[in-house]
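*Asks:*
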Amino acid sequence: MTLLDLNGRKALVTGAAQGLGEGMARALAGAGAKVVIADLQDELGPKVAESLGQGHGFVRLDVADDANWEAAVGQATDLLGGLDILVNNAGVEITSLLVDLLAPAARKQLEVNVPGTALGIKHGFRTMRPGGAAGNGGAIINVASVAATIAFPGIGIYSATKSGVDRLTRVAAAASGKLGYGVRGNSVYPGLVPTRMGVGLANDCARIGLFGSPEEAVGAVVGLTPSGRLGEVADMAAAVVFLASDAAAFINGGGLPVAGGVGR
Ligand SMILES: NC(=O)c1ccc[n+]([C@@H]2O[C@H](COP(=O)([O-])OP(=O)(O)OC[C@H]3O[C@@H](n4cnc5c(N)ncnc54)[C@H](O)[C@@H]3O)[C@@H](O)[C@H]2O)c1
Numbered sequence: 005m006t007l008l009d010l011n012g013r014k015a016l017v018t019g020a021a022q023g024l025g026e027g028m029a030r031a032l033a034g035a036g037a038k039v040v041i042a043d044l045q046d047e048l049g050p051k052v053a054e055s056l057g058q059g060h061g062f063v064r065l066d067v068a069d070d071a072n073w074e075a076a077v078g079q080a081t082d083l084l085g086g087l088d089i090l091v092n093n094a095g096v097e098i099t100s101l102l103v104d105l106l107a108p109a110a111r112k113q114l115e116v117n118v119p120g121t122a123l124g125i126k127h128g129f130r131t132m133r134p135g136g137a138a139g140n141g142g143a144i145i146n147v148a149s150v151a152a153t154i155a156f157p158g159i160g161i162y163s164a165t166k167s168g169v170d171r172l173t174r175v176a177a178a179a180s181g182k183l184g185y186g187v188r189g190n191s192v193y194p195g196l197v198p199t200r201m202g203v204g205l206a207n208d209c210a211r212i213g214l215f216g217s218p219e220e221a222v223g224a225v226v227g228l229t230p231s232g233r234l235g236e237v238a239d240m241a242a243a244v245v246f247l248a249s250d251a252a253a254f255i256n257g258g259g260l261p262v263a264g265g266v267g268r
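Following the numbering used here, the numbering of the sequence shown begins with 5 at its first residue and continues without gaps.
#1: What do you get for G273, buried or exposed, if any count of 16 or more other CB atoms within 10 angstroms of its CB means buried?
#2: Check each candidate in A53, D46, T6, Q45 and name the one with the smallest Cα separation from M28.
#3: Please find out if some non-hydrogen atom of ligand 1 comes closer than 6 Å to the beta-carbon of D66.
#4: For a test of the three-state rule: what should DSSP assign to T99, helix, strand or coil?
#5: Just to confirm my understanding: we take D46, look at its own chain, exclude 5 residues before and 5 after, and list those with CB closer than 6 Å. What are they?
#6: CA-CA distance, S163 and V150?
#7: If you measure from the CB of L24, is any heavy atom of ligand 1 nearer than 6 Å?
#8: Quick one: does the C-beta of S149 sit closer than 6 Å to a heavy atom of ligand 1?
#9: Would the beta-carbon of A238 fall within 7 Å of that of Y193?
#10: Going by other Cβ atoms of all chains shown within 10 Å of its Cβ, with 16 needed for buried, is Q113 buried or exposed?
#11: For R200 and Q58, what's the separation of their Cα atoms in angstroms?
#12: Taking 6 Å as the cut-off, is the C-beta of A109 nearer than that to any heavy atom in ligand 1?
#13: Ligand 1 and D43: does the residue's C-beta get closer than 6 Å to at least one heavy atom of that ligand?
#14: Would A31 and A253 be called neighbours here (beta carbons separated by less than 7 Å)?
#15: Going by the beta-carbon positions, is the gap between T173 and S191 smaller than 7 Å?
#16: Unbroken alpha helix (DSSP H) runs of length 4 or more, entirely within the segment 78-136: which are they?
#17: State the Cα-Cα distance for the pair M132 and A143, rounded to the nearest angstrom.
#18: Kindly confirm or deny that the segment 100-115 and the segment 32-39 touch, where touching means at least three C-beta pairs closer than 8 Å.
#19: Report the partner residues of A42 according to the DSSP bridge assignment.
#20: Please state whether DSSP places N146 in a helix, a strand or coil.
Below, the structure written as structure tokens:
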């Protein structure tokens, strides 16, 4: 057994039907945890859960909906027989120059990324704190973004929401400590990864005229990156396993950049 061993732990990962969340769910399962995939996508999500094998599951969840959260965390806790790890990964990004900003797009990003994460913390705390349905404390990992630590045109509102996730995480850790919940809270700041969202962002940066082509946009990001490459799903998944594990037992209220040296 190593400090990174998650055998016996029970985890819920939001937005895990594809992309970074799917990779995080697979890595947590690979480290020994039982995992519930929570996502809006009720065709893809159950397939990912099934591919993880026995003891894992899927729940349908819109992270922006409080009642949805209550039901999903209850189902996941019943299915897994507890809950120790919550990864608030679901998020949306809608690229726009600030001069072209549309209020509904701004509200959509805000609603999913900030209340969507905060509601997860709410129901995670209620379930994991002493006396909750799981009751053993645990770890919450929120997926912010390198966008919370740099200034990149075209992602103003997205960056604002991810800065919100970062601050929310710090307050959550402080609240958990003050109120004796026994739940650590940290965030990760992924750099650009070519998932649906990452590829979409590169395409959109070209579409709105910031770069001559998506390739040029990607080249600019790589050029800013001391490690000289884009991020991979596995890079983000490994950081989440670490923060969920006993290897990170005294890491609390922090933010871990996983961006090859971009940002802080
Ligand atoms: N890909 C990147 O370059 C990158 C970089 C930094 C941060 N991030 C963050 O990582 C997280 C995952 O991004 P990704 O690249 O995998 O995106 P993605 O678009 O590939 O996947 C997002 C997943 O979240 C789900 N989702 C969206 N809205 C939801 C909602 N309201 N309720 C439940 N599920 C919902 C989608 O169905 C999908 O399965 C997001 O929070 C994103 O902001 C991504």
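Backbone N, C-alpha and C fix where the C-beta goes; we use that ideal spot for every residue, glycine too.
*Replies:* Let me spell this out:
#1: In the structure as shown, the chain starts at 5 and stops at 268, and residue 273 therefore has no counterpart that could be examined.
#2: A53
#3: yes
#4: coil
#5: R64
#6: 8 Å
#7: yes
#8: yes
#9: no
#10: buried
#11: 28 Å
#12: no
#13: yes
#14: no
#15: yes
#16: 107-117, 119-132
#17: 9 Å
#18: no
#19: T18, V63
#20: strand
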